[in-house]
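*Asks:* Sending over a structure as structure tokens; questions will come in a sec.
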Amino acid sequence: MIASDPPRQVSWSAMTTSDLALIMPVERAAYAHPWQEKNFSDCLQAGYFSQVLRLDDQMLGYFVAMRGVDEVHLLNLTVAAAYQRQGWGKVILETLAAWSVQQGAQWLWLEVRLSNTGAIALYQRRGFVTVGRRKKYYPDANGQREDALVMGLPLKPGESGSVKIGS
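So for the sequence shown, the working numbering puts the first residue at 20; every next one is plus one.
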């Protein structure tokens, strides 16, 4: 008889300040110019929709999004380095899109570094379209500024699927 690995549990939970001790090393490893802990704290205090995705007790990734009247703005989406290129970014993005539809949003917006070709490809595969460009939006490694693409995803009622999101 062959022993099998125990089933693994993927779960969502609301981001809390106690999660920041785990989030900050992931954030710093993912970006040359990461968010600071205060950025996350301010978003949590403002009540932005902030979720953490876990596999058992391992953090897969997280996102922070701000809800508007009929739109949602994705502020941060990060997949931990050990789990990149495994489809978790798509899971996170589709979960956010489903939640956005449930909130009555008609659009999901984001900015992305022009040099972040992997993220741009993910967003395009999900249906985002480039609608503009913000000149010198992000700091870059040389002390200069890098442009950002502004991308939007039109949302349709009924797209929400069966995604369950933690409180």
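Just so you know, even glycine gets a beta-carbon here, dropped at the ideal spot from N, CA and C.
Report the rounded CA-to-CA distance for S142 versus V148, giving the unit in angstroms.
*Replies:* For the purposes of this step, residue 142 is taken as residue 123 along the sequence shown, with counting starting at 1. For the purposes of this step, residue 148 is taken as residue 129 along the sequence shown, with counting starting at 1. Residue 142 is actually Tyr in this sequence, not Ser. Their Cα atoms are separated by approximately 8 Å.
*Asks:* My understanding is that G108 touches L96, with C-beta atoms under 8 Å, so please give their C-beta distance in whole angstroms.
*Replies:* Reading the sequence shown from its first residue, position 89 is the one you call residue 108. Reading the sequence shown from its first residue, position 77 is the one you call residue 96. Sure, about 7 Å apart at Cβ, within 8 Å.
*Asks:* For W106, count neighbouring C-beta atoms within 10 Å of its own C-beta (all shown protein chains included) and say buried if the count is 16 or more, exposed if not.
*Replies:* Taking the sequence shown and counting its residues from 1, one reaches residue 106 at position 87. Here residue 106 is Gly; the residue named in the question, Trp, does not match the sequence. Answer is exposed; the Cβ neighbour count stays below 16.
*Asks:* What three-state label does DSSP hand Y156 in the structure shown?
*Replies:* Looking up residue 156 in the sequence shown gives position 137. In the structure shown, Y156 sits in a strand (DSSP, three-state: E or B).
*Asks:* Rounded to whole angstroms, what is the Cα-Cα separation between E56 and M43?
*Replies:* Residue mapping note: residue 56 aligns to position 37 of the sequence shown, counting from 1. Residue mapping note: residue 43 aligns to position 24 of the sequence shown, counting from 1. Between the alpha carbons of E56 and M43 lies a distance of about 7 Å.
*Asks:* Taking the alpha-carbon positions, what's the A48 to K175 distance?
*Replies:* Position 29 of the sequence shown, counted from the first residue, corresponds to residue 48. Position 156 of the sequence shown, counted from the first residue, corresponds to residue 175. Computed Cα separation, rounded: 35 Å.
*Asks:* From the DSSP output, which residues share a beta bridge with S32?
*Replies:* Taking the sequence shown and counting its residues from 1, the one referred to as residue 32 is at position 13. DSSP lists V71 as partners of S32.
*Asks:* If we ignore side chains and look at the alpha-carbon of each, how far apart do M34 and G146 end up?
*Replies:* Within the sequence shown, residue 34 is the residue found at index 15, counting from 1. Within the sequence shown, residue 146 is the residue found at index 127, counting from 1. Rounded to whole angstroms, M34 to G146 spans 27 Å at the Cα level.
*Asks:* Identify whether W54 lies in helix, strand or coil by the three-state DSSP scheme.
*Replies:* By 1-based counting over the sequence shown, the position of residue 54 is 35. In this structure, W54 counts as coil in the three-state DSSP scheme.
*Asks:* In angstroms, rounded to a whole number, what distance separates the CA positions of N135 and V98?
*Replies:* One-based indexing of the sequence shown puts residue 135 at position 116. One-based indexing of the sequence shown puts residue 98 at position 79. Between N135 and V98, the C-alpha separation is close to 14 Å.
*Asks:* Does DSSP put A99 in a helix, in a strand, or in coil?
*Replies:* Working through the sequence shown from its first residue, we reach residue 99 at position 80. Residue state, collapsed to three classes: coil.
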